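In what follows, a single structure is set out as structure tokens and then discussed.
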């Protein structure tokens, strides 16, 4: 059994499944995907991800504001975030973090939002889902300052081993997406080979970043199988054990998730 630890079910391109989310999820289940974490990115989609988690037994969700969705003149309110997090299917906070690649001028407002999410994690004990791009030093500095006891995950990881090691040393998990299968991802594959087996997650980040051989097409949760198979081969592990281990890791990191028992 696999878990797609990061997907945007409210944003999928469902053309391959005749517009049916039910069909898309069934296709993933038929490939051994037993659970899905649907990610919040804005105040606008918080209700949508919660509704999806309520609709499907094997879907949980997170709530938060993506760094590129933070408004330049306002950070989200802590009270709002805490209210949204007070829901039985909301098992994590985010995605949050820093992204200076597109908006380096927004560093200050992104940092304020990130701190707010980290404060919500302190108050609720729920793990954080972290997006980081072009902001390595600031991301690590804010995580160190927060010193969260329950940590979280650096999702869709694309940084180097030094950053991965720093995050791992603070108790964080590393999640890998279809990018690890890309031809020009040798440095990331080096990281993927070094992450301890008990701190690794797999994801699609669908509808984005479809793995080889689907690169350039809309990504779907069913393709987390390709990510997992590639990583198992890269690391010299059996696929079955790798799937079991990453599912165990997910359950440990997200203890509130409604994941059924791993089947042999």
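Residue numbers (the numbering used here): 27 to 290. Heads up, the beta-carbon is just placed ideally off N, CA and C, and yes, glycines get one too. Computed from a predicted structure; not experimentally measured.
Item: For residue 125, the residue or residues it bridges with in DSSP; Value: 159
Item: Backbone CA spacing between residue 211 and residue 79 [nearest angstrom]; Value: 33 Å
Item: Three-state secondary structure assigned by DSSP to residue 60; Value: strand
Item: Euclidean distance between Cα positions of residue 187 and residue 142; Value: 27 Å
Item: Close-in-space but distant-in-sequence residues of the same chain around residue 62 (CB under 8 Å, 5 per side omitted); Value: 29, 30, 33, 35, 51, 54, 82, 84, 85, 86 and 247
Item: Distance CB(residue 214)-CB(residue 161) smaller than 7 Å; Value: no
Item: Boundaries (first-last residue) of the beta strand (DSSP E) holding residue 68; Value: Taken as a continuous stretch (DSSP letters only), residue 68 belongs to no beta strand (DSSP E), as it is neither H nor E.
Item: The stretch 238-246 touching the stretch 198-211, judged by at least three CB pairs closer than 8 Å; Value: yes
Item: Assigned exposure category for residue 231 - 16 Cβ within 10 Å defines buried; Value: buried
Item: Contact check, residue 146 vs residue 110, beta carbons under 7 Å; Value: no
Item: Residue interval of the alpha helix (DSSP H) (run including residue 32); Value: It is not in any alpha helix (DSSP H) - residue 32 instead sits in the beta strand (DSSP E) that spans 28-33.
Item: Residues of its chain near residue 88, where Cβ-Cβ distance is below 8 Å and the 5 sequence neighbours each way are ignored; Value: 63, 64, 65, 66, 75, 116, 117, 118, 119, 120, 121 and 155
Item: Paired residues, beta bridge with residue 86 - DSSP; Value: 63
Item: C-beta atoms of residue 295 and residue 166 nearer than 7 Å; Value: There is simply no residue 295 to check, as the chain begins at 27 and stops at 290 in what is shown.
Item: Minimum C-alpha distance to residue 43 - residue among 228, 282 and 245; Value: 245
Item: Buried or exposed (CB count within 10 angstroms, at least 16 for buried), residue 198; Value: buried
Item: Beta-carbon spacing of residue 253, residue 233 below 7 Å; Value: no
Item: Start and end residues, alpha helix (DSSP H) containing residue 250; Value: 250-261
Item: When 45, 216 and 153 are compared against residue 183, the one with the closest alpha-carbon; Value: 216
Item: Whether residue 101 touches residue 41 by CB criterion (7 Å); Value: no
Item: Distance between residue 190 and residue 229 (C-alpha atoms, nearest Å); Value: 17 Å
Item: Expected contact under 8 Å - CB spacing of residue 5 and residue 258 to nearest Å; Value: Residue 5 is absent from the structure shown; the chain starts at 27 and stops at 290.
Item: Proximity below 7 Å, CB of residue 176 to CB of residue 153; Value: yes
Item: Alpha-carbon to alpha-carbon, residue 223 and residue 275; Value: 9 Å
Item: First through last residue of the alpha helix (DSSP H) which encompasses residue 228; Value: Unbroken run through residue 228 is the beta strand (DSSP E), 226-228; no alpha helix (DSSP H).
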